[in-house]
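Novice: Numbering-wise (my numbering), the sequence shown opens with residue 26 and increments by one.
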Amino acid sequence: WLHISTDQNPADILSRGCGPKQLQKCKWWQGPAWLQNPKEQWPKSAVNIDEKEVEIEKRKSVISANNTELESISLQLARRFSRFSKMIRVMAWVLRFQPKAKDFRKYTELTNEELLNAQKIIFRVVQKECYSNEETRKNLRGLQVFEDEEGILRLKSRLINEEESKYFISPIILPSKHLADIPLNNVSDLDQIEKTNIVLRWRYIQKVCENLKQRFKREYLSFLRSSVTKREDKINVGDVVLIGTDDKKRLHWLLGRVLELFPGKDGIIRLVKLRTEKGNILRPIQRLYPLELKPNYEQVVSENRKGPEVVTEYPELNTDSNKTVPVTSSGREIKPVKRLDL
């Protein structure tokens with residue numbers, strides 16, 4: 026290849042400094058003297074080229090170009106799209122088209138793995154842009170930050186031994202300037218679910234529903250009190266009852282004693298007169314809840330032991346002994362005056 030030395034190159038005259046008078050006499054206007062000769066007589070430079078070093082440099086340049094290209098594409102997408110989900114999908118399409126341009130028509134929808142890879146690339150670009158300087162890395166010195174196998178900066182939390190996902194145990198570090206407080210309003214695409222996992226997921230949901238039904242019957246329904254269609258307890262005069270109300274708890278219901286029962290035309294008792302601490306009131310029988318305090322005047326005698334003798338015949342009482350004796354205010358007995366029967 027052809028090469029001109031610096032002492033014969035007219036382009037280097039101005040860079041070395043040249044006045045107007047010297048410029049008229051220099052080679053700026055004519056060029057080097059051998060330029061007027063035929064092309065075959067031009068000087069040639071013999072340079073030894075190492076092909077291995079050239080190939081190594083070519084590979085490095087290609088890799089850096091690809092990384093730079095992906096980073097530039099991510100930054101352009103971030104400035105162009107305001108929705109994070111839209112930016113992720115476009116980046117996933119770019120990543121799919123790049124290595125699989127020949128088989129591009131075989132794929133219809135994006136898979137969940139492709140969307141996750143696109144999201145990781147965007148996270149790496151954001152972290153490289155924000156935490157590349159020493160000033161920004163000073164804020165991370167007080168935190169337990171590490172770089173995972175994918176080149177993403179993560180934070181070590183106290184939940185290392187928990188059986189949770191990596192995103193929950195070691196969250197990704199992002200700058201605070203992003204609007205992370207705005208809730209996402211996008212709906213997850215159902216096509217992200219792989220076809221091979223749909224049947225397994227359906228079987229798992231059916232099993233969970235069946236176990237929930239069994240536990241509901243065994244642990245909840247069996248302990249419920251059965252509903253009574255017909256009321257067995259009868260309210261009589263003198264019973265102590267609770268008067269139910271809707272605006273108070275059962276602890277604050279009033280106590281009352283049954284004074285009178287009012288049956289209807291069909292003979293069924295529907296209204297009851299009660300005596301409470303606030304006076305006599307009328308309440309429907311559906312609002313009354315009898316307590317286990319029914320009066321029992323019958324004399325119960327045990328069969329295992331002989332009960333007390335019950336006197337059925339009483340002796341004739343002396344009527345004179347039952348007469349009251351008049352006394353004075355001081356308690357002395359007043360004797361009747363015996364008058365002479367003249």
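Ideal placement from N, C-alpha and C gives every residue a C-beta, glycine not left out.
Note that the structure is predicted; figures quoted are calculated from it, not measured.
#1: Does the structure place the segment 143-152 close enough to the segment 109-122 that three or more beta carbon pairs sit under 8 angstroms?
#2: Please report the distance separating the alpha-carbon of Ile198 from that of Arg226.
#3: Just the C-alpha distance for Ile29 and Ala58, rounded to the nearest angstrom, thanks.
#4: Check whether the segment 229-246 and the segment 276-289 are in contact - that is, three or more C-beta pairs closer than 8 angstroms.
#5: Under 7 angstroms Cβ to Cβ from Val352, same chain only, skipping five residues before and after it: list those, please.
#6: Between the Cα of Glu175 and those of Val150, Cys155, Asn158, spot the shortest distance and give me the residue it belongs to.
#7: Return helix, strand or coil for Asn236, following the three-state DSSP convention.
#8: Do you know how far the Cα of Ser182 is from the Cα of Ser195?
#9: Between which two residues does the alpha helix (DSSP H) carrying Glu65 extend?
#10: Closer than 7 angstroms by C-beta to Arg162: which residues in its own chain qualify, once you throw out the five before and the five after it? Chain order, please.
#11: What's the gap between the Cα of Arg108 and the Cα of Met116?
#12: In terms of residues, what are the limits of the beta strand (DSSP E) holding Trp298?
#13: From this set, Lys238, Ser201, Leu135, Lys298, which residue's C-alpha is nearest Asn164's C-alpha?
#14: So is Val253 buried or exposed if we call it buried at 16+ other beta carbons inside 10 Å?
#15: Can the beta-carbon of Leu296 be found less than 9 angstroms from the beta-carbon of Leu307?
#16: For the beta strand (DSSP E) containing Glu172, name the first residue and the last one.
#17: Can you find the residues in the same chain that come closer than 6 angstroms, C-beta to C-beta, to Thr152, ignoring five residues on each side of it along the sequence?
#18: Could you round the C-beta distance between Tyr314 and Gly269 to whole angstroms and report it? I think they count as a contact, below 8 angstroms.
#19: What are the residues that DSSP puts in a beta bridge with Leu279?
#20: Could you spell out where the beta strand (DSSP E) holding Asn305 opens and where it closes?
#21: Identify whether Pro45 lies in helix, strand or coil by the three-state DSSP scheme.
#22: In terms of DSSP beta bridges, what is Pro315 paired with?
#23: Based on the DSSP secondary-structure assignment, which residues constitute the bridge partners of Arg179?
Specialist: Short version:
#1: yes
#2: Near 32 angstroms, if we compare the C-alpha coordinates of Arg226 and Ile198.
#3: Looking at the two C-alpha atoms, the distance is approximately 12 angstroms.
#4: no
#5: Glu358, Ile359
#6: Comparing Cα positions, the closest option is Val150.
#7: In the three-state reduction of the DSSP assignment, Asn236 falls in the helix class.
#8: 6 angstroms
#9: Note, Glu65: premise wrong, no alpha helix (DSSP H); not H, not E.
#10: Tyr156
#11: Taking the straight line from one Cα to the other gives about 13 angstroms.
#12: Per the sequence presented here, residue 298 reads as Lys, with Trp not at that position. Residues 294-301.
#13: Ser201 is the residue among Lys238, Ser201, Leu135, Lys298 whose C-alpha sits nearest the C-alpha of Asn164.
#14: Residue placement at Val253 is poorly supported in this model, since its pLDDT is 48, which falls under 50; the coordinates are not used for a value here.
#15: yes
#16: 170-172
#17: Checking the displayed sequence, the identity of residue 152 turns out to be Gln instead of Thr. The residues are Leu178.
#18: 6 angstroms
#19: DSSP, once it has assigned bridges, lists Ile268 as partnering Leu279.
#20: 304-309
#21: Note: Pro45 maps to helix in three-state DSSP.
#22: Secondary-structure assignment with DSSP links Pro315 through a beta bridge to Val266.
#23: Phe171, Ile197
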